[in-house]
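Note that my numbering has the sequence shown beginning at 36, numbered continuously upward. The block underneath contains the structure these notes are about, expressed in structure tokens.
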Amino acid sequence: MPPAPQAYRPATALADLGPAFSDAVSAANFPQQILRFRNDRAAASIGLDTLDDVEWIAHFGRFAPLPGTLPGPLALRYHGHQFRVYNPDIGDGRGFTFAQMHDDAGRLMDLGTKGSGQTPFSRFGDGRLTLKGGMREILATEMLEALNVPTSRTLSLIETGEELDRNDEPSPTRSAVLVRLSHGHIRIGTFQRLAYERDAENMRRLVGYVLRHLYGENGDDPLRLLNLIVERTATLAARYMAAGFVHGVLNSDNINVTGESFDYGPWRFAPTWDPGFTAAYFDHAGLYAFGRQPEAIHWDVMQLASSLRLIAESDPLIAALERFAGLYQPAVASALLWRLGRQPQDPVTDRALVQTVERALRATEAPLDRFFFDAFAQPLPDRYGSDWNDARAALDAYAPRKARDHSYWQGEPCSMLIDEVETLWSAIDERDDWAPLHAKIDAIRTMGEALA
Ligand code: AMP
Ligand code: MG
Numbered sequence: 036m037p038p039a040p041q042a043y044r045p046a047t048a049l050a051d052l053g054p055a056f057s058d059a060v061s062a063a064n065f066p067q068q069i070l071r072f073r074n075d076r077a078a079a080s081i082g083l084d085t086l087d088d089v090e091w092i093a094h095f096g097r098f099a100p101l102p103g104t105l106p107g108p109l110a111l112r113y114h115g116h117q118f119r120v121y122n123p124d125i126g127d128g129r130g131f132t133f134a135q136m137h138d139d140a141g142r143l144m145d146l147g148t149k150g151s152g153q154t155p156f157s158r159f160g161d162g163r164l165t166l167k168g169g170m171r172e173i174l175a176t177e178m179l180e181a182l183n184v185p186t187s188r189t190l191s192l193i194e195t196g197e198e199l200d201r202n203d204e205p206s207p208t209r210s211a212v213l214v215r216l217s218h219g220h221i222r223i224g225t226f227q228r229l230a231y232e233r234d235a236e237n238m239r240r241l242v243g244y245v246l247r248h249l250y251g252e253n254g255d256d257p258l259r260l261l262n263l264i265v266e267r268t269a270t271l272a273a274r275y276m277a278a279g280f281v282h283g284v285l286n287s288d289n290i291n292v293t294g295e296s297f298d299y300g301p302w303r304f305a306p307t308w309d310p311g312f313t314a315a316y317f318d319h320a321g322l323y324a325f326g327r328q329p330e331a332i333h334w335d336v337m338q339l340a341s342s343l344r345l346i347a348e349s350d351p352l353i354a355a356l357e358r359f360a361g362l363y364q365p366a367v368a369s370a371l372l373w374r375l376g377r378q379p380q381d382p383v384t385d386r387a388l389v390q391t392v393e394r395a396l397r398a399t400e401a402p403l404d405r406f407f408f409d410a411f412a413q414p415l416p417d418r419y420g421s422d423w424n425d426a427r428a429a430l431d432a433y434a435p436r437k438a439r440d441h442s443y444w445q446g447e448p449c450s451m452l453i454d455e456v457e458t459l460w461s462a463i464d465e466r467d468d469w470a471p472l473h474a475k476i477d478a479i480r481t482m483g484e485a486l487a
């Protein structure tokens, strides 16, 4: 029997948080609404897959309110450190949250936008998203979901018929509005703003909101919350590494307190295990390079802890922060073992395996996706030469996590390197050909099935 369809279960938790957290806004009036991507798998998890395309465009292109949830869009207020510099002038400048509901796992989810128009936080920005940026966000979220990284999902992409000027794309360039399904939109920067305003009452209220609605716990203990966030973000950092993913802009306003990855700009997947590999062309110092991501995320969580000083003592906050490294180590071992198709053994053996594999990956500069594809097989194929002797011995001592019998393993590894992203965009840009993008999404989902 197929699983019972998930009912649509709207929520209004954000409205209960009170007026100090957001500003009511409205969506831009777009000249066109062309549906380019509807994620029916994600929609099914919140009971919205039954919308027809006309209804879909009304809700996700014109933002007609969904029944039973927020009465209208809210631009959320937040601050943040951007490349380690504090910026109090940010907030939802090209997006808003317009609906909440529970998903098939019972979690409180938000629908948020990117590119839906200007807000009080837009500063000099146009409030818009480029179509290419939207396409890139689909690719990042689909790939990360398949690779077992907690991530927001891209629910919808609608092309909106405007011409945008950008300095990082040939301009004018096409516009779009994206809807993101995510487990909350409370960022570390949401707490930073309250600390900056010295607003202890709303800080306590926010702690209670996050504990209750996003962690399913009662109370408003900031220490308990910091401990939970340290656990989730250490896991996120570990999963990024095993996925070979470089987010690119790990500013504190881009870190969701649920430890779910989101807000995809200049991301890239690393072609090899190169800790210095950098995604954003403007990240000259390599602050957010591949191998520095755990440190960057930990730094952001430190900013959360210092914000919580407003309502908590510092010693236990510091103790919570100090757990990060000890949580990250086993999390990265288990994430790598998952991707390598191996059952974990014990912490010491697993850690030794990680080090051995990392050493071989760096020494040989092996293509990362090819290696993970090949290494899922047991034993490791012969063409991995003598540089791989130690890693081979370590890997072959592990029991397989699952049979390698999915048809995916008869083909080629699915990867997402920058040249392919550009090729997918060229087909859309030059010929309005969306077939390669949809074929790629299918291929990613097939990989996801093979790994799951
Ligand atoms: P991001 O780098 O996407 O996390 O954005 C950082 C800040 O800049 C946030 O406050 C965004 O809302 C804002 N922002 C980015 N792009 C635009 C835009 N085109 N128009 C208005 N605000 C923007
Ligand atoms: Mg952002």
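Note that CB positions come from ideal geometry on N, CA and C, so glycine has one too.
Quiz item: What do you get for Y113, buried or exposed, if any count of 16 or more other CB atoms within 10 angstroms of its CB means buried?
Solution: Residue mapping note: residue 113 aligns to position 78 of the sequence shown, counting from 1. The residue is buried, with at least 16 neighbouring Cβ atoms inside 10 Å.
Quiz prompt | For G147, three-class secondary structure by DSSP | solution = Residue mapping note: residue 147 aligns to position 112 of the sequence shown, counting from 1. G147 carries a strand assignment under DSSP once its states are collapsed to helix, strand and coil.
Quiz item: Looking at the unbroken alpha helix (DSSP H) that takes in S564, where does it start and where does it end?
Solution: Beyond the ends of the chain as shown, which are 36 and 487, falls residue 564; an answer cannot be given.
Quiz prompt | Length of the line joining the Cα atoms of N202 and A426 | solution = The residue labelled residue 202 in the question sits at position 167 within the sequence shown. The residue labelled residue 426 in the question sits at position 391 within the sequence shown. Taking the straight line from one Cα to the other gives about 45 Å.
Quiz item: Taking the C-alpha atoms as reference points, what is the distance between V245 and I221?
Solution: Numbered from its first residue, the sequence shown carries residue 245 at position 210. Numbered from its first residue, the sequence shown carries residue 221 at position 186. When only Cα atoms are considered, V245 and I221 end up about 8 Å apart.
Self-check item: Under the three-state DSSP convention, the category I346 falls into
Solution: Within the sequence shown, numbered from 1, the residue matching residue 346 stands at position 311. Of the three classes helix, strand and coil, the one that applies to I346 here is coil, per DSSP.
Exercise. Report the option in I223, L182, Y231, L146 whose CA atom is closest to the CA atom of L192.
Key: The count along the sequence shown starts at 1 and reaches residue 192 at position 157. Residue nearest to L192 within the set I223, L182, Y231, L146 is L146 (criterion: CA-CA distance).
Exercise. Could you tell me whether the Cβ atoms of V214 and L190 are closer together than 8 Å?
Key: Here the question's residue 214 lines up with position 179 in the sequence shown. Here the question's residue 190 lines up with position 155 in the sequence shown. Contact flag set, yes.
Practice problem: Locate the beta strand (DSSP E) running through R44, then write down its first and last residues. | Solution: As a first step, residue 44 is located in the sequence shown; it is residue number 9 there, counting from the start. Here the beta strand (DSSP E) through R44 covers 44-46.
Practice problem: Pull up the distance between the alpha-carbon of L241 and that of T47, whole angstroms please. | Solution: Here residue 241 is taken as the residue at index 206 of the sequence shown, counted from 1. Here residue 47 is taken as the residue at index 12 of the sequence shown, counted from 1. Taking the straight line joining both Cα atoms gives about 15 Å.
Practice problem: Return the chain-ordered ranges of every beta strand (DSSP E) run that is complete within the stretch 82-122 and spans a minimum of 3 residues. | Solution: You should have 109-111, 115-117, 120-122.
Practice problem: Count the CB pairs spanning the stretch 474-483 and the stretch 324-336 that are closer than 8 Å, and state whether there are at least three. | Solution: Not touching, per the Cβ criterion.
Exercise. Using the Cα positions of G82 and F118, report the straight-line distance between them to the nearest angstrom.
Key: Counted from its first residue, the sequence shown places residue 82 at position 47. Counted from its first residue, the sequence shown places residue 118 at position 83. Whole-angstrom Cα-Cα distance: 39 Å.
Quiz prompt | Where M136 falls: helix, strand or coil (DSSP) | solution = Within the sequence shown, residue 136 is the residue found at index 101, counting from 1. In the structure shown, M136 sits in a strand (DSSP, three-state: E or B).
Quiz item: Is A181 closer than 8 Å to W302 when the C-beta atoms are compared?
Solution: Here residue 302 refers to the residue found at position 267 when the sequence shown is read from its first residue. Here residue 181 refers to the residue found at position 146 when the sequence shown is read from its first residue. No, Cβ-Cβ distance for W302 and A181 is not below 8 Å.
Quiz item: Does the beta carbon of D72 fall short of 7 Å from some heavy atom of the ligand AMP?
Solution: Your numbering for residue 72 matches position 37 in the sequence shown. Correcting the residue type first, residue 72 is Phe in the shown sequence and not Asp. Outside the cutoff, so no.
Exercise. Indicate, with yes or no, if the ligand MG has a heavy atom lying under 7 Å from the CB of N291.
Key: By 1-based counting over the sequence shown, the position of residue 291 is 256. For N291, the CB stays at least 7 Å from every heavy atom of the ligand MG.
Quiz prompt | Residue of A55, E457, R377, E455 minimising C-alpha distance to F226 | solution = In the sequence shown, the residue the question calls residue 226 occupies position 191. Of the listed residues, the one whose Cα sits closest to F226 is A55.
Quiz prompt | Given T132 as reference, the closest of R158, H116, I125, K149 once Cα atoms are compared | solution = Position 97 of the sequence shown, counted from the first residue, corresponds to residue 132. If you compare the alpha carbons of R158, H116, I125, K149 with that of T132, the shortest gap goes to K149.
Quiz item: In terms of DSSP beta bridges, what is P351 paired with?
Solution: Counted from its first residue, the sequence shown places residue 351 at position 316. BP columns for P351 are empty, so no partner.
Quiz item: Just curious, the beta strand (DSSP E) that T189 is in, first and last residue?
Solution: Taking the sequence shown and counting its residues from 1, the one referred to as residue 189 is at position 154. From DSSP, the beta strand (DSSP E) with T189 extends over 188-199.
Quiz item: Any heavy atom of the ligand AMP closer than 7 Å to the CB of R119?
Solution: Your numbering for residue 119 matches position 84 in the sequence shown. Flag unset: Cβ of R119 not near the ligand AMP.
Quiz item: Over what stretch of residues does the beta strand (DSSP E) that includes I69 continue unbroken?
Solution: Mapped onto the sequence shown, residue 69 falls at position 34. Run containing I69: 69-73, per the beta strand (DSSP E) assignment.
Quiz item: Taking only runs of the alpha helix (DSSP H) that begin and end inside the stretch 415-457, which ones reach a length of at least 4 residues, in chain order?
Solution: Here the runs fully enclosed are 424-431.
Exercise. Say whether chain B places a C-beta atom closer than 8 Å to the C-beta of H218.
Key: The question asks about chain B, but that chain is absent: this structure has only one protein chain.
Quiz item: Any contact of the stretch 83-97 with the stretch 271-281, i.e. 3+ C-beta pairs under 8 Å?
Solution: At 8 Å Cβ cutoff, the stretches do not touch.
Practice problem: Label N286 either buried or exposed according to how many other C-beta atoms from any shown protein chain fall within 10 Å of its C-beta, with 16 as the threshold for buried. | Solution: For the purposes of this step, residue 286 is identified with residue 251 of the sequence shown, where counting begins at 1. Buried, since its Cβ has 16 or more Cβ neighbours within 10 Å.
Exercise. With DSSP as the reference, label F56 as helix, strand or coil.
Key: The residue labelled residue 56 in the question sits at position 21 within the sequence shown. Of the three classes helix, strand and coil, the one that applies to F56 here is helix, per DSSP.
Quiz item: Quick one: Cα of P471 to Cα of H441, how far?
Solution: By 1-based counting over the sequence shown, the position of residue 471 is 436. By 1-based counting over the sequence shown, the position of residue 441 is 406. In this structure, the straight-line span from the alpha carbon of P471 to that of H441 is close to 23 Å.
Exercise. Take D309 and list the residues in its own chain whose beta-carbon comes closer than 7 Å to its own, dropping the five residues that flank it on each side.
Key: On the sequence shown, residue 309 is found 274 positions in, with the first residue counted as 1. Cβ-Cβ distances below 7 Å link D309 to F325 in the same chain, with the five nearest sequence neighbours on each side left out; the list follows chain order.
Exercise. In angstroms with no decimal places, state the Cα-to-Cα distance between Q380 and G162.
Key: By 1-based counting over the sequence shown, the position of residue 380 is 345. By 1-based counting over the sequence shown, the position of residue 162 is 127. For Q380 and G162, the distance between alpha carbons rounds to 49 Å.
Practice problem: Report the residue from R129, G376, Q390, T307 whose alpha carbon sits nearest the alpha carbon of R436. | Solution: Here residue 436 corresponds to residue number 401 of the sequence shown, with the count starting at 1. Looking at R129, G376, Q390, T307, the one whose alpha-carbon comes closest to that of R436 is G376.
Quiz item: What do you reckon, is the C-beta of D298 under 7 Å from a heavy atom of the ligand MG?
Solution: In the sequence shown, the residue the question calls residue 298 occupies position 263. A heavy atom of the ligand MG is found nearer than 7 Å to the CB of D298.
Practice problem: Going by DSSP, name the residue or residues bridged to V281. | Solution: Here the question's residue 281 lines up with position 246 in the sequence shown. Paired residues: R303.
Quiz item: How many angstroms separate the CA atom of T154 from the CA atom of A110?
Solution: The count along the sequence shown starts at 1 and reaches residue 154 at position 119. The count along the sequence shown starts at 1 and reaches residue 110 at position 75. Straight through space, the alpha carbons of A110 and T154 are spaced by roughly 7 Å.
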